[in-house]
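*Asks:* Questions regarding the structure given below will be posed in turn.
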Amino acid sequence: GNSVTQMEGPVTLSEEAFLTINCTYTATGYPSLFWYVQYPGEGLQLLLKATKADDKGSNKGFEATYRKETTSFHLEKGSVQVSDSAVYFCAIIQGAQKLVFGQGTRLTINP
Amino acid sequence: DTEVTQTPKHLVMGMTNKKSLKCEQHMGHRAMYWYKQKAKKPPELMFVYSYEKLSINESVPSRFSPECPNSSLLNLHLHALQPEDSALYLCASSRLEGLDTIYFGEGSWLTVV
Chain D
1 GNSVTQMEGP VTLSEEAFLT INCTYTATGY PSLFWYVQYP GEGLQLLLKA TKADDKGSNK
61 GFEATYRKET TSFHLEKGSV QVSDSAVYFC AIIQGAQKLV FGQGTRLTIN P
Chain X
112 DTEVTQTPKH LVMGMTNKKS LKCEQHMGHR AMYWYKQKAK KPPELMFVYS YEKLSINESV
172 PSRFSPECPN SSLLNLHLHA LQPEDSALYL CASSRLEGLD TIYFGEGSWL TVV
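These protein sequences, in sequence, are chains D and X. Residue 95 in the numbering used here sits at position 95 of the first sequence, with consecutive numbering throughout. Just so we're on the same page, the numbering used here is the position in the second sequence counted from 1, plus 111.
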């Protein structure tokens with residue numbers, strides 16, 4: 001079955017540092033790929049998505065590129081802020097409206 | 112506007128109570144979902160409604176009873192819950208065409224005492 005493996009957290013960075021959160025997936029065919037973010041005490045918000053190979057999703061300074069050859073969708077941001085502190089979930093969907101989530105990566109940004 | 116609205120935001124109920132969680136979306140989405148999320152874990156799918164019909168039930172105990180009165184509304188009726196059912200319950204919706212994005216609400220925090 002489909003699965004998603006995310007970089008284990010927690011991750012702690014200083015403000016303005018470069019961020020990478022690794023995500024790899026296992027699926028047949030061409031799933032759609034997503035990053036969701038969950039701020040403390042809130043629901044999930046869609047951060048970005050990509051629907052086909054080599055697509056780059058971007059939002060709020062975050063980027064991720066759909067790499068079919070390495071089955072990866074790593075999340076990057078060039079300069080993080082304290083407000084980026086949250087839990088980040090990588091997810092894929094392939095048919096039957098079933099999202100498959102990674103375990104989540106808790107990110108803390110210190111001023 | 113990608114908004115899924117859930118009420119109540121917080122709910123405390125006893126194990127003998129009957130309560131309901133409500134969800135509404137006005138994006139014209141024909142798929143609606145209930146997810147359950149425990150602390151420090153990803154959301155787990157409970158139910159999926161497609162065109163107001165239950166299409167997926169992930170072996171959820173019968174003390175959770177979903178209902179989809181129309182294409183914009185989704186309810187989750189709760190009865191005789193256990194303390195371990197305390198969690199964040201997330202409603203979501205999406206179009207049914209293709210592998211479309213699933214949009215989540217803010218969630219309802221449920222505590223069973």
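Each residue gets a CB set at the ideal place from its N, CA and C atoms; glycine is no exception. Here the structure is a predicted model, which is why all the values come from computation and not from measurement.
Output needed for Val123 (chain X): all residues of its chain with C-beta closer than 7 angstroms, excluding positions within five of it in sequence on either side, in chain order.
*Replies:* One-based indexing of the second sequence puts residue 123 (chain X) at position 12. Excluding residues within five positions, the ones whose Cβ falls inside 7 angstroms are Thr222 and Val224.
*Asks:* Beta carbon of Trp145 (chain X): closer than 7 angstroms to some heavy atom of the ligand GDP?
*Replies:* As far as ligands go, the structure on display features none, and thus does not contain the ligand GDP.
*Asks:* Near Thr24 (chain D), what residues of its chain come up, given a Cβ to Cβ distance below 7 angstroms and the 5 sequence neighbours on each side ignored?
*Replies:* As a first step, residue 24 (chain D) must be located in the first sequence, where it is residue number 24. Cβ neighbours of Thr24 (chain D) beyond the five flanking positions: Thr5, Thr71 and Ser72.
*Asks:* By the three-class DSSP mapping on this structure, what secondary structure does Val223 (chain X) have?
*Replies:* Sequence index remark: in the second sequence, residue 223 (chain X) carries index 112 (1-based). Strand.
*Asks:* Tell me which residues share the same chain as Ser85 (chain D) and place their Cβ nearer than 7 angstroms to its Cβ, disregarding the 5 neighbours each side in the sequence.
*Replies:* Taking the first sequence and counting its residues from 1, one reaches residue 85 (chain D) at position 85. Hits under 7 angstroms: Leu107, Thr108 and Ile109.
*Asks:* Using a C-beta cutoff of 8 angstroms, does Pro154 (chain X) count as contacting chain D?
*Replies:* Here residue 154 (chain X) refers to the residue found at position 43 of the second sequence. With 8 angstroms as the cut-off, Pro154 (chain X) counts as an interface residue toward chain D.
*Asks:* Can you tell me the Cα-Cα spacing of Tyr214 (chain X) and Pro194 (chain X), whole angstroms?
*Replies:* Against the second sequence, residue 214 (chain X) aligns to sequence position 103. Against the second sequence, residue 194 (chain X) aligns to sequence position 83. About 28 angstroms.
*Asks:* Going by beta-carbon coordinates alone, are Gly218 (chain X) and Leu189 (chain X) separated by less than 8 angstroms?
*Replies:* Here residue 218 (chain X) refers to the residue found at position 107 of the second sequence. Here residue 189 (chain X) refers to the residue found at position 78 of the second sequence. Cβ distance not < 8 angstroms, so Gly218 (chain X) and Leu189 (chain X) don't count as in contact.
*Asks:* Any idea what DSSP makes of Ser85 (chain D), helix, strand or coil?
*Replies:* Along the first sequence, read from residue 1 onward, the residue named residue 85 (chain D) stands at position 85. Three-state DSSP puts Ser85 (chain D) in coil, outside helix and strand.
*Asks:* So, with DSSP's three-state summary, where would you put Pro194 (chain X)?
*Replies:* Here residue 194 (chain X) corresponds to residue number 83 of the second sequence, with the count starting at 1. Three-state result, Pro194 (chain X): helix.
*Asks:* With burial defined as no fewer than 16 other Cβ atoms inside 10 Å of the residue's Cβ, what is the status of Tyr30 (chain D): buried or exposed?
*Replies:* Mapped onto the first sequence, residue 30 (chain D) falls at position 30. Exposure of Tyr30 (chain D) is indicated by the presence of fewer than 16 other C-beta atoms within 10 angstroms of its C-beta.
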